[in-house]
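Residue numbering for the sequence shown follows my numbering, starting at -3 and increasing by one per position.
No residue lacks a Cβ here, since even glycine has one placed at the ideal position from N, Cα and C.
Here the structure is laid out as structure tokens; the discussion comes afterwards.
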Amino acid sequence: MGNYYLAVDIGASSGRHMLASMEDGKMKLEEVYRFPNGMDNKNGTLCWDVDRLFTEIKNGLKKCKELGKIPATMGIDTWGVDYVLLDEKNQILGDTVGYRDSRTNGMDEKVYEKISLSALYERTGIQKQIFNTIYQLMAVKETHPEYLEQAKAILMIPDYFHFLLTGVKKNEYTNATTGQLVNPTTNDWDYELIDMLGYNKEMFQPVSMPGTVVGEFTQDIQNEVGFNCKVVLPATHDTGSAVLAVPTNDDNAIYISSGTWSLMGIERKEADCSLRSMQANFTNEGGYDHRFRYLKNIMGLWMIQSVKKEFTEDLSFAEICERASKETITSLVDCNDDCFLAPKSMIEAVKKFCRDSKQQVPETVGEIAAVIYNSLAKCYGDTIEEIEALTGKKYTTIYVVGGGANAGYLNELTAKYTGKKVSAGPSEATAIGNIVVQMLHDGVFKDLPEARTCVGKSFDVKIYENGGNIAETAGKSSGNAIEFMNSMGYVVLLTTDGCDTTTLYVKDTKLGEQDPVEKGRLLTRYYSRKPDKTYTYVKAEGTSDQPVARAMAEAFGTGFYMKNYLNVVYSVPDTTADGVTVKAVTATATLYSDEACTNAIASDTEILDFRYDVKYNTGLTAVRSTN
-3 MGNYYLAVDI GASSGRHMLA SMEDGKMKLE EVYRFPNGMD NKNGTLCWDV
47 DRLFTEIKNG LKKCKELGKI PATMGIDTWG VDYVLLDEKN QILGDTVGYR
97 DSRTNGMDEK VYEKISLSAL YERTGIQKQI FNTIYQLMAV KETHPEYLEQ
147 AKAILMIPDY FHFLLTGVKK NEYTNATTGQ LVNPTTNDWD YELIDMLGYN
197 KEMFQPVSMP GTVVGEFTQD IQNEVGFNCK VVLPATHDTG SAVLAVPTND
247 DNAIYISSGT WSLMGIERKE ADCSLRSMQA NFTNEGGYDH RFRYLKNIMG
297 LWMIQSVKKE FTEDLSFAEI CERASKETIT SLVDCNDDCF LAPKSMIEAV
347 KKFCRDSKQQ VPETVGEIAA VIYNSLAKCY GDTIEEIEAL TGKKYTTIYV
397 VGGGANAGYL NELTAKYTGK KVSAGPSEAT AIGNIVVQML HDGVFKDLPE
447 ARTCVGKSFD VKIYENGGNI AETAGKSSGN AIEFMNSMGY VVLLTTDGCD
497 TTTLYVKDTK LGEQDPVEKG RLLTRYYSRK PDKTYTYVKA EGTSDQPVAR
547 AMAEAFGTGF YMKNYLNVVY SVPDTTADGV TVKAVTATAT LYSDEACTNA
597 IASDTEILDF RYDVKYNTGL TAVRSTN
């Protein structure tokens, strides 16, 4: 076993200590400590409890000691834009206010009295977000100018924690850029802009790049946690770290760092500070090795997180996804509308938006979640169109990293709305990217391409295509069949028992079959019954034969795709009785590495939506076709 490397990854809702090491050429990741986070309402102001967070950081370090896994290096990443002001005694001036606080309302206009929005974008390349550091500092200037006068240092949140550990003050580059005060050409603070706005430029430390050594633990910290450790700057902005874990070396790849926020974009060597980019609301955040993350901030899973907190029923995110996937509501909201930034009730905000836009108002948790997931996916689709228009390039694959990689239903919808292949994973991208920089510093990898190749080999990645992720993972299918029939006589039977052909049955009579499908693929097909009681496969919209339902065809064989085996189970709720009208059936596909289907390596669920109301009938079992 080689060295251990520690990432302390702190998000808006929780923080975690993740230890990594190399084993047989792969990165091994282990969570050793987790703690909650969130903004506190302090006399009407939303604040971070940085003292408590630092205590939790030290508790996680003590856990490493307890486990006997002492890291050689460590680094901390957090969200962007928030900071502390330190006086000459290194005490925090004022409260550590969070970015969702309303104090920045109207501060954009105060900034634009000194510099226009277009000129500001041309200088920084950073997307206007009312919570950016530039507007937060203007709020301080308006209400507590003495803080700016007294400040000897401004440190972004992870910079502050690094300082508490080492006694060394450094402003890390990727997080600094989020504040809208860094010049993308010089990769340093724009001191002329800082002077223009009347901010104290003496408080800004020189900008340091990821991979820079901050220092070692102070003696006091060593005494408290029980060991010494070298602190190495990661990309301290969590998105900057997450993008480093995108498992591809394709410079034209589109990524979504999916978590509380969805950050969607591409990497590029130079910033695009054009008026066209500004009007599209794209940003140029600084990244590792002087790269730029050309991306758009999208509200993200914050909306689902907020909904989950509001419902009295204790539901997991997986359960919320499952309920959402069964809904047929078509209402959509603008995820980037400011009304979703920090509403008193996310549920009411979603309902109001739908009501005001004269759409169906969601009522149940499933309907509300369905509106949010579909809205996010549509936003991703719109953003891709913008990226392709702005860059003049076409993209085939979206790489989803972060917690949202586990949101299977959202990833399915993303494939549907974008028409692109979706590669989901790794889910702990931020921690992995944090550690990648530490390993690069330590010589574990010679360069970033080698590191990304290792990430791709070390962690699970799941593929989704338009219509689901099943298309590339067929090898063997087994199971039963379900018949659906409506009053118009339309019948569809889903067969899952290893047919070389797609076969349609009514009762025990085979009424028709299609040509063998391409081996190793699972397809979606539509059937309808003609007046002469024959059944037709409908390929496209606009034909005279309208499909009754969407049915899954399947292919039988071994060793087709990556020598894996597929088992598909079709189901309806357990409470569904014969003759009950249903609108959809759930198909759960599980991929196995062995023919006996005991070692599951991936699973996905798809909802098959019916065009017409159909009745459920359990009294039928398909027979495998022999011809």
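Does DSSP put residue i in a helix, a strand or coil?
i, result
"His286", "helix"
"Ile368", "helix"
"Asn219", "helix"
"Val361", "helix"
"Ala147", "coil"
"Ile153", "helix"
"Arg30", "strand"
"Trp185", "strand"
"Asp191", "helix"
"Ala385", "helix"
"Ala420", "strand"
"Ala267", "coil"
"Glu198", "helix"
"Lys655", "It is not possible to answer for residue 655, since the shown part of the chain is limited to -3 through 623."
"Asp334", "helix"
"Gly71", "strand"
Would you mind reading off the limits of the alpha helix (DSSP H) that contains residue i?
i, result
"Phe50", "Val46 to Leu63"
"Arg12", "Here Arg12 belongs to no alpha helix (DSSP H); instead the beta strand (DSSP E) covers Ser10 to Glu19."
"Pro313", "The sequence given here has Phe at residue 313, not Pro. Unbroken alpha helix (DSSP H) run through Phe313: Phe313 to Ser321."
"Val107", "Met103 to Tyr108"
"Met435", "Ala425 to Asp438"
"Val451", "Leu444 to Ser454"
"Gly236", "Asp234 to Leu240"
"Ser273", "Leu271 to Gln275"
"Lys305", "Trp298 to Glu306"
"Leu133", "Thr129 to Thr139"
"Tyr251", "No alpha helix (DSSP H) contains Tyr251, which is instead part of the beta strand (DSSP E) from Ile250 to Ser254."
Output the boundary residues of the beta strand (DSSP E) element that contains residue i.
i, result
"Asn413", "Residue identity differs from the one stated: residue 413 is Tyr in this sequence, not Asn. No beta strand (DSSP E) holds Tyr413; the alpha helix (DSSP H) holding it covers Gly404 to Thr414."
"Ile122", "That residue, Ile122, is in no beta strand (DSSP E); it is neither H nor E in DSSP."
"Tyr395", "Thr393 to Val397"
"Thr36", "The sequence shown places Asp at residue 36, rather than the Thr named in the question. It spans Asp36 to Lys38 - the beta strand (DSSP E) in which Asp36 sits, taken as one unbroken run."
"Val4", "Tyr0 to Ile6"
"Asp91", "No beta strand (DSSP E) contains Asp91, which DSSP labels as neither H nor E."
"Glu344", "Segment Met342 to Asp352 is the alpha helix (DSSP H) holding Glu344; no beta strand (DSSP E) there."
"Thr41", "Thr41 to Cys43"
Quick check on the burial criterion: 16 or more other C-beta atoms within 10 angstroms. Buried or exposed for residue i?
i, result
"His233", "buried"
"Asp97", "buried"
"Ile6", "buried"
"Pro154", "buried"
"His286", "exposed"
"Asn370", "buried"
"Lys503", "Low local confidence applies: a pLDDT of 34 at Lys503 is under 50, so the model's placement there is unreliable, with the coordinate-based value given in what follows. Classification of Lys503: exposed, given that the 10 Å Cβ count is below 16."
"Phe278", "buried"
"Glu263", "buried"
"Gln125", "buried"
"Met342", "buried"
"Asp528", "Residue placement at Asp528 cannot be trusted, given a pLDDT of 45 that sits under 50; what the coordinates show is reported in the next sentence. Exposed: under 16 other Cβ atoms inside 10 Å."
"Ala320", "buried"
"Ser454", "buried"
"Val182", "The sequence given here has Thr at residue 182, not Val. It is exposed - the Cβ of Thr182 has fewer than 16 other Cβ atoms within 10 Å."
"Ser112", "exposed"
"Phe127", "buried"
"Glu168", "buried"
"Ala618", "Confidence is the limiting factor: at Ala618 the pLDDT is only 30, short of 50, which leaves the residue's position unreliable and the question unanswerable from this model."
"Asn101", "exposed"
"Glu550", "Confidence at Glu550 is low in this model, with a pLDDT of 31, below 50, so its placement is unreliable and the value that follows should be read with caution. The residue in question, Glu550, is buried, as its Cβ has 16 or more Cβ neighbours within 10 Å."
"Lys340", "exposed"
"Gly(-2)", "exposed"
"Tyr284", "buried"
"Pro180", "buried"
Our contact map puts residue i next to residue j with C-beta atoms below 8 Å; I'd like the distance itself, whole angstroms only.
i, j, result
"Ala447", "Val457", "Not a contact, Cβ separation roughly 16 Å."
"Gly175", "Ile130", "6 Å"
"Tyr251", "Tyr395", "5 Å"
"Leu49", "Gly11", "7 Å"
Exercise for the section: Kindly confirm or deny that the segment 424 to 438 and the segment 232 to 252 touch, where touching means at least three C-beta pairs closer than 8 Å. Expected result: yes
Practice task
Check whether the segment 187 to 196 touches the segment 239 to 257, counting contact only when three or more Cβ pairs, one atom from each stretch, lie closer than 8 Å.
Solution key: no
Practice task
Please determine if the segment 128 to 148 and the segment 207 to 225 are in contact, where contact requires at least 3 C-beta pairs separated by less than 8 Å.
Solution key: no
Problem - Contact between the segment 223 to 233 and the segment 67 to 74 (3+ Cβ pairs under 8 Å) - result: yes
Practice task
Could you tell me whether the segment 36 to 47 touches the segment 12 to 27, using the rule of 3 or more Cβ pairs below 8 Å?
Solution key: no
Exercise for the section: Count the CB pairs spanning the segment 387 to 397 and the segment 343 to 351 that are closer than 8 Å, and state whether there are at least three. Expected result: no
Practice task
Decide if the segment 267 to 278 is in contact with the segment 353 to 368; the criterion is three or more beta carbon pairs, one per stretch, under 8 Å apart.
Solution key: no
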